[in-house]
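Enquirer:
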Amino acid sequence: MTKTRTADILAIFSATPGQPGFSPVCRLRFFDKTKVNCGRTEPDAVAPRPLCTPQEIQASPGAVMTTPRDYYVHCLFLQNKSR
Numbered sequence: 034m035t036k037t038r039t040a041d042i043l044a045i046f047s048a049t050p051g052q053p054g055f056s057p058v059c060r061l062r063f064f065d066k067t068k069v070n071c072g073r074t075e076p077d078a079v080a081p082r083p084l085c086t087p088q089e090i091q092a093s094p095g096a097v098m099t100t101p102r103d104y105y106v107h108c109l110f111l112q113n114k115s116r
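What the sequence shown shows, in our numbering, is residues 34 to 116, in sequence order.
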């Protein structure tokens, strides 16, 4: 069996439920993963994506891409069952 990825989607949140600044409505921003280098990548042999913080992405020149309009979505967070 080979590993394949049908999409290159990665969600990075600056705040999660219970933290200051959390909102259930998220503004989608797109970034160029080739322009960030935070030293951490996901453990995937197919095409590891960077595991950067929002601050690290914003601090990378040219990484945040502009879009013709803003996109907003309702963010869903899975409940941690280990509580």
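Just so you know, even glycine gets a beta-carbon here, dropped at the ideal spot from N, CA and C.
1. Looking only at its own chain, which residues have a Cβ that is under 7 Å from the Cβ of residue 98, when we skip the five neighbours before and after it?
2. Here's the rule: buried if 16 or more other CB atoms are within 10 angstroms of the residue's CB, otherwise exposed. What is residue 94?
3. With which residues is residue 61 paired in a DSSP beta bridge?
4. Can you tell me whether DSSP reads residue 67 as helix, strand or coil?
5. Who are residue 99's beta bridge partners in DSSP?
Expert: According to the data block:
1. 63, 64 and 65
2. exposed
3. 104
4. helix
5. None; residue 99 has no bridge partner.
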